[in-house]
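> When the letters of the sequence shown are read in order and numbered with our numbering, they come out as residues 1276 to 1551. The C-beta atom is built at its ideal place from N, Cα and C for all residues, glycine as well.
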Amino acid sequence: MLPRLLLMAALLCISGGARAWNAQGHAAVAAIAEAQLSPAALRQVSALLVGDLDRNEKSSGRKHLSEIASWPDEIRDEAVKTDPAAYKGWHVRSNQVCSEQLGACRDGNCVDQLIIRYAAVLADRSQPQRARNEALKWVVHLLGDLHMPLHSGVNRNGGGAKVLVTGMSLKPEDTFHTVWDGVLLNAALAGWTRQSQPVSRGRLAVDSPTQWMIETRDLARREVYEPLPGFSCDAKLREPIVLDLAYQQHSVAVIRAQIERAGLRLAQLLNQLLAD
Ligand SMILES: [Zn+2]
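1) Can you tell which of A1462, D1551, K1511 has its C-alpha closest to the C-alpha of V1527?
2) With H, G and I counted as helix, E and B as strand and the rest as coil, what does DSSP make of L1518?
3) Excluding the 5 residues flanking D1327 on each side, which residues of the same chain have their C-beta closer than 7 Å to its C-beta?
4) Output needed for I1534: all residues of its chain with C-beta closer than 6 Å, excluding positions within five of it in sequence on either side, in chain order.
5) Measure the Cβ-Cβ separation of G1364 and R1351 and say whether it is below 8 Å.
6) Could you have a look at S1334 and say whether DSSP puts it in helix, strand or coil?
7) Note down the Cα distance separating L1411 from A1394, rounded to an integer number of angstroms.
8) Flag P1484 as yes when its Cβ comes closer than 7 Å to any non-hydrogen atom of ligand 1, and as no otherwise.
9) Could you give the DSSP three-state label for L1417: helix, strand or coil?
10) By the three-class DSSP mapping on this structure, what secondary structure does V1527 have?
11) In terms of alpha-carbon separation, which member of N1297, A1495, L1520, A1406 lies closest to N1430?
12) Quick check on the burial criterion: 16 or more other C-beta atoms within 10 angstroms. Buried or exposed for T1441?
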């Protein structure tokens, strides 16, 4: 458990307001994965990043998964300047934590289905380099998003619920979702020394991303919502939802485990898709 003072310091020096599992979170997942890539997968990743383009279609010079991991957020931030609905729903799937029924996925554009679609492009050597390069960037990013509990599971309040975090002041626009994506994530990354674990060599099924999403939805119910006072499947929570210090400390452990899981699964997936 993180010492209380360290946690407070980490929480206080961080600004909120991120709209998605933030860039540091995605970079952490990608770095765990890259360290576990097979020689064949690493060779292909390097080849696919040759000539990589940034959000403005300029040469990015990026060579590592941690550097390209937030590209889908970057292009969305550009696109919404002219189309506020650009990429809406692509990084999440709003599965109710109290229901077995999965959330809507319009035109297949939601987190698990997009991973499945882009994984197929990435594995297909007949696809153009540019298509495979972008598929790699989507897979790396969305694997991270899918393991963020609130990207795979929501309760009746929805992600936009008003929130208070004991011991810190938030921005007026902060919500339960942005707090998990931003300040709690940053607290989890602060002072974290990972014990490296081996990546699984087991074969993945095509629908593994959906299974991981369902697991993350169930984890969201168990670890994110049920610890909140007054949680019930039958009613909305009273807002603002108050996250006390014990809840914050618990969330740090949950987020670290999810980052680790996402990184190892990303490595397993890339090793399979990019095998010789
Ligand atoms: Zn995202």
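A quick look at the data gives this:
1) Comparing Cα-Cα distances from V1527 to each of A1462, D1551, K1511, the minimum goes to A1462.
2) Looking at L1518 - three-state DSSP - the assignment turns out to be strand.
3) Within the same chain, D1327 has close Cβ partners S1335, R1337, I1343, N1408.
4) If we look at I1534 and ignore the five residues flanking it on each side, its Cβ neighbours are A1303, V1304.
5) No, the pair does not count as a contact, with Cβ atoms beyond the cut-off.
6) S1334: strand per DSSP, three-state reduction.
7) When the Cα atoms are used, L1411 and A1394 turn out to be separated by approximately 8 Å.
8) Checking the Cβ of P1484 against ligand 1 gives no.
9) Helix at L1417.
10) In this structure, V1527 counts as helix in the three-state DSSP scheme.
11) Residue A1495 is the option with its Cα nearest to N1430.
12) Its Cβ having fewer than 16 others within 10 Å, T1441 is exposed.
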